[in-house]
Amino acid sequence: MTLGECIYIVDDNEMTSQSLAFFCESLGYETKVWNDPEEFLETYPTLDKIGCIVLDVRMPKKNGLEVFAELKEQKNKLPVIFLTGHGEVRMAVHALKDGAFDFLLKSPEEKELIDVIERALRLSSDLKFKDDQMAYDQKRFDSLTEREKDVVVLVGKGMMNKNIADVLQISEKTVQQHRGSACRKLNLINAVEIADFLRKLKGNQR
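The following block contains the structure:
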C-alpha cells in the first residue's frame, strides 16, 4: 500500500457501497463513496490521488457503462473495476474490451477483491510515475533555448556537427556550444541518448 491511495466507490446501493468502503478501510485504504453517478462525474475532475474506481454496472440514473464512457472522454487514467450481477457479465466483458481494468461478480470473495484492488492500485501507481516522468522530460526540453532545440533535434536525427552548422547557417563551434549546453540541461551525454530522449518525448505527445 502506498501513501495517498484512494478507492473511489460508485454504487447507488448505499448498503453495498458502505460495506465495501468499510472492508477497504479495514485494509488501510482511504475510500470515497458516491451513491449518485452524476455527482461522481461532477466531482471526478477534482480527484487528486492515485487509486482505482469501483463502479457498479446497474444504476438507475446512469449505468456503469455510461459512466465509464464519460470517464474515457475525460481521459481517465484511474483503473476501473466493475461490480456486476450474473446477468450483466456480458456487459462487463464488453467493458473490459473497451479498456476497463477488471470486473467482479457481486458479492466478491474477500481474497478476490483484495487481489483485484491491489493490482489496480499498482497499475495506478505505475501510470502516475510514468506521467510524472513525462512531465519532467517535457520540462527539461522546454528549458532549452530555441537554438538549442534546433541543434538537439538535428543531433537526434543522426547529423554531425558540421552538417548541423550548414543547415542552421552557424559555425561548427557555435553548434558545439549549443549542443554542450543542451546536454547539460537534459543530463544527456551523447547522440544515442539524445535520440532516445526525443523518441520518448515524441511518443508521450501523441
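Everything in the sequence shown is counted per full-length UniProt numbering, starting at 1 for the first residue and increasing by one.
Idealized CB from N, CA, C, for every residue including glycine.
If you're wondering where the values come from, they're calculated on a predicted model, not measured in any experiment.
**Request:** Rounded to whole angstroms, what's the CA-CA distance from D12 to I189? Just pull it up for me.
**Result:** 56 Å
**Asked** Can you name the start and end residues of the beta strand (DSSP E) that D142 belongs to?
**Response** Premise fails: D142 lies in the alpha helix (DSSP H), E110 to D142, not in any beta strand (DSSP E).
**Item:** Under 8 Å between C-beta atoms of G83 and V116
**Value:** In the sequence as displayed, the identity of residue 83 is Leu instead of Gly. Contact flag unset, no.
**Request:** Just the C-alpha distance for I170 and M159, rounded to the nearest angstrom, thanks.
**Result:** Approximately 15 Å, taken between the alpha carbons.
**Request:** Could you tell me whether any non-hydrogen atom of the ligand NAP is closer than 7 Å to the CB of H94?
**Result:** As far as ligands go, the structure on display features none, and thus does not contain the ligand NAP.
**Message:** Whole angstroms are fine: how far does the CA of R199 sit from the CA of L65?
**Reply:** 35 Å
**Asked** F40 lies in the beta strand (DSSP E); which residues open and close that run?
**Response** Careful: F40 lies outside any beta strand (DSSP E), inside the alpha helix (DSSP H) at P37 to T43.
**Request:** For F101, I'd like the list of residues in its chain whose CB is within less than 6 Å of its CB, leaving aside the five on either flank, ordered along the chain.
**Result:** P79, V80, I81 and A120
**Prompt:** Apart from the five residues just before and just after V89, which ones in its own chain have a Cβ nearer than 8 Å to its Cβ?
**Reply:** Excluding residues within five positions, the ones whose Cβ falls inside 8 Å are F103 and L105.
**Asked** Are there 16 or more other CB atoms within 10 angstroms of the CB of T31, so buried, or fewer, so exposed?
**Response** buried
**Asked** So what does V151 bridge to, in DSSP terms?
**Response** Paired residue(s): none; V151 is not in a bridge.
**Prompt:** Which of the three DSSP states, helix, strand or coil, is assigned to K162?
**Reply:** Three-state DSSP puts K162 in a helix.
**Request:** Label H178 either buried or exposed according to how many other C-beta atoms from any shown protein chain fall within 10 Å of its C-beta, with 16 as the threshold for buried.
**Result:** buried
**Where the beta strand (DSSP E) through L78 begins and ends** = Element bounds for L78: n/a, residue is neither H nor E.
**Request:** Hey, could you find the ends of the beta strand (DSSP E) L105 is sitting in?
**Result:** D102 to L105
**Message:** Let me confirm a value: S17 is counted as buried when at least 16 other C-beta atoms fall within 10 Å, else exposed. Which label applies?
**Reply:** buried
**Message:** Whole angstroms are fine: how far does the CA of Y44 sit from the CA of L96?
**Reply:** 21 Å
**Message:** At the level of alpha carbons, what is the spacing between H86 and N63?
**Reply:** 16 Å
**Asked** If we ignore side chains and look at the alpha-carbon of each, how far apart do M1 and A92 end up?
**Response** In this prediction, M1 has a pLDDT of 47, which is less than 50 and means its spatial position is unreliable; nothing more can be read from the coordinates.
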